[in-house]
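So the structure is just underneath, and the comments pick up after that.
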Amino acid sequence: MSKEKLTPMQLDLLRELGNIGAGNATSALSIMLQDRKLEMVVPEVAILSLPETTTLIGGPEALVAGIYILVSGDVDGHVAFMMPIHSAQELVQSILGVESVEFDEMGCSVLEEVGNIVVTSYLNALSEMTNLVLRPSVPGLAIDMAGAIWSSILAGAEIFDDYITVLKTDFASEGKQIEGHILLIPGKIGFDRIFKILLETDR
635 MSKEKLTPMQ LDLLRELGNI GAGNATSALS IMLQDRKLEM VVPEVAILSL PETTTLIGGP
695 EALVAGIYIL VSGDVDGHVA FMMPIHSAQE LVQSILGVES VEFDEMGCSV LEEVGNIVVT
755 SYLNALSEMT NLVLRPSVPG LAIDMAGAIW SSILAGAEIF DDYITVLKTD FASEGKQIEG
815 HILLIPGKIG FDRIFKILLE TDR
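Every position in the sequence shown, counted from 1, becomes a number in our numbering once 634 is added.
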């Protein structure tokens, strides 16, 4: 998949999948939230080159939280969920119902679980619409500068494409706007297969 080849219909399909995944994630997170409200939307979809991804979330030196999952099955690849550290703190605060949070064992555990829910909700929506088997790995969590996390992800991934699909994912909870990004990194069995199935189904 390349930036030039991506059609408006494919972008619309990505937005649709993102919003379905967002709905699934919100339902799953509601159990953790109890009576607190959380809305999640995917307002923007972009295809960025590998160098462009380093400008996400404030640039390569910005402190961020990143959750990383390996995808195997009928399509392989990697999915990362990254957010600025202040957004990660606000999200965990909203879930725990506290005014401040430290990324100790409990804080990291909650953040890792939230990232896992967000990513697997998207993958489940994708799997249901395509009938493809997508198996997520156990999530990994890192809190570091964006450039360091991104370099670590790329070092562990076999990159077969020059472009990354990015879904800008926003949360809203009790008046707080919480920003995040889902990054889809295609493997050897790339996302072209997914688009082919989706376009055939959408006819």
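Yeah, the Cβ is synthetic: ideal placement off N, Cα and C, and Gly gets one too.
Here the structure is a predicted model, which is why all the values come from computation and not from measurement.
Thinking C-beta only, is residue j closer than 8 Å to residue i?
i      : j      : result
Thr687 : Trp784 : yes
Val767 : Asp708 : yes
Thr764 : Ile701 : no
Leu586 : Tyr797 : As displayed, the chain neither begins before 635 nor continues past 837, which places residue 586 out of reach and without an answer.
Ile719 : Val698 : yes
Asn653 : Val675 : yes
Glu813 : Ser734 : no
Phe737 : Ile777 : yes
Asn750 : Asn658 : no
Lys810 : Glu724 : yes
Thr803 : Ala656 : yes
Arg649 : Val705 : no
Please check the pair residue i and residue j, which I expect to be a contact at CB under 8 Å, by giving their CB distance rounded to whole angstroms.
i      : j      : result
Ser728 : Ser807 : 4 Å
Pro838 : Met779 : Summary: the structure shown does not reach residue 838, with the chain confined to residues 635 through 837, and so no result is reported for it.
Leu760 : Ile828 : 7 Å
In three-state DSSP terms, what is residue i?
i      : result
Leu817 : strand
Gly790 : helix
Lys637 : For Lys637, the pLDDT reaches just 49, beneath the cut-off of 50, and the residue's location in the model is therefore unreliable, although a value from the coordinates is still provided. Residue state, collapsed to three classes: coil.
Ala662 : helix
Ser785 : helix
Thr688 : coil
Leu672 : coil
At a cut of 8 Å, does the segment 803-822 reach the segment 703-722 through at least three beta carbon pairs? yes
Does the structure place the segment 730-749 close enough to the segment 770-778 that three or more beta carbon pairs sit under 8 Å? yes
Completely contained alpha helix (DSSP H) runs for the segment 707-766, where each covers 4 or more residues: 719-730 and 739-764
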